[in-house]
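Below: one structure, written as structure tokens.
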Amino acid sequence: MDNIEELMKQVPELVAVYGLKILLALVIFFVGKYFSGVAKKITERLLTSRKVDKTVSSFVANMAWAVVFTFTIIATLGQVGIQTASLVAVLGAAGLAVGLALQGSLSNFAAGVLLVMFRPCRVGDYIEAGGVAGIVDEITIFATRLKSPDNKVITVPNSAIMNGSIVNYSMMDKRRLDLTIGVSYDADIRKTKQLLCDILEGNAKVLKDPAYTVGLVALGDSSVNFVVRPWVNAADYWPAHFELMEQIKLALDENGIGIPYPQMDVHIKEMPVKE
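Position 269 (the sequence shown) corresponds to 269 in full-length UniProt numbering; numbering is contiguous.
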């Protein structure tokens, strides 16, 4: 009973001392968290105003947020009474073990640095990497966020992107369309080729330089196949594709040139039946 009474007498003092420390620790934490967000925004605005690439500015802004937030955690723990110097020493000693346990995260971080340094892709590029395809929305410390053409958000680890092939469809300002047009064996080859050339000449999206290519590429099982390879601006790739396919089909129909479907000739041979 005496111990309980003594403890109850110490409660106001403990509340006054440790309650104030905990309160200050919470204030430090929330203020530091707020300023980490402010540091991120200021860094991003500063780099953007200096016309730094959006990919680099986004990555550096995320790094600034991580640094300020880390110092906030250390200051919060120090205010509570935890010896931060010893904590840093313990963290340093445990760093090797943590590094081994987080090899994937560290490799993602290193891959993110390489993505920013060498820039095989930038924010706004349409790429195919890590088994997925989409428009690069943001490159963060550990992962890259893509938006698919049907508006899905895909998060890909940075290591998965850097350890594989990256196909960047937006890096070059010109792209080549590769169309294969099959016509009937009864069609006039010269007339068909001239018709395809006329369509390309009359399309505003087809570039004059580099020159387009139209040629007979194969005598297929059911059709004579032409390759049609015009060059277009990268932004006009799919609009030009749809437009040309429609124009070619309409022009072939108007000129009586058939587009055959796969077919097979079956010959039945009668065998004599023995009595």
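From the three backbone atoms N, C-alpha and C, an ideal C-beta is built for every residue, glycine too.
Computed from a predicted structure; not experimentally measured.
Enclosing alpha helix (DSSP H) for residue i [first to last residue]
i      : result
LEU219 : It is not in any alpha helix (DSSP H) - LEU219 instead sits in the beta strand (DSSP E) that spans 213-219.
VAL31  : 20-49
GLU161 : The question names Glu, but residue 161 in the sequence shown is Ile. Unbroken alpha helix (DSSP H) run through ILE161: 158-162.
Nearest-angstrom Cβ-Cβ length linking residue i and residue j, presumed shorter than 8 Å
i      : j      : result
LYS205 : GLU243 : 7 Å
THR192 : ILE248 : That pair is no contact at about 10 Å.
ASP184 : PRO262 : It should be noted that the sequence gives Ser, not Asp, for residue 184. Actually they are not in contact, since the Cβ atoms of SER184 and PRO262 sit about 13 Å apart, beyond 8 Å.
GLU138 : SER58  : 6 Å
ALA187 : VAL224 : 7 Å
LYS41  : ASN62  : The pair is not a contact, with the Cβ atoms about 12 Å apart (cut-off 8 Å).
LEU115 : ASN158 : 6 Å
CYS197 : VAL214 : 5 Å
Span of the beta strand (DSSP E) around residue i
i      : result
PHE226 : 224-229
LYS249 : Here LYS249 belongs to no beta strand (DSSP E); instead the alpha helix (DSSP H) covers 237-254.
ALA143 : 143-147
CB contact below 8 Å: residue i versus chain C
i      : result
ARG145 : As a matter of chain content, chain C is missing from the structure shown, which is built from one protein chain.
Bridge partners - residue i, DSSP secondary structure assignment
i      : result
ILE127 : GLY134 and ASN168
LEU179 : VAL228
ILE189 : Partner(s): none; ILE189 has no beta bridge.
ARG122 : None, per the DSSP bridge assignment.
LYS174 : ASN233
VAL153 : LYS147
ILE139 : THR144
Sub-8 Å separation of residue i and residue j beta-carbons
i           : j      : result
TYR111      : GLY130 : According to the sequence provided, residue 111 is Ala. The question's Tyr does not apply to it. Not a contact, by the Cβ cut-off of 8 Å.
GLY32       : TRP65  : no
VAL60       : THR43  : yes
ASP236      : MET171 : no
VAL227      : LEU207 : no
ILE22       : ALA75  : no
GLY220      : GLY164 : no
TYR212      : PRO230 : yes
residue 276 : ILE141 : Limits of the chain in this structure are 1 at one end and 275 at the other, which puts residue 276 out of reach.
VAL136      : VAL123 : yes
ASP173      : ALA133 : no
PHE35       : VAL68  : yes
PRO120      : ILE154 : no
ASN151      : LEU195 : no
LEU200      : HIS241 : no
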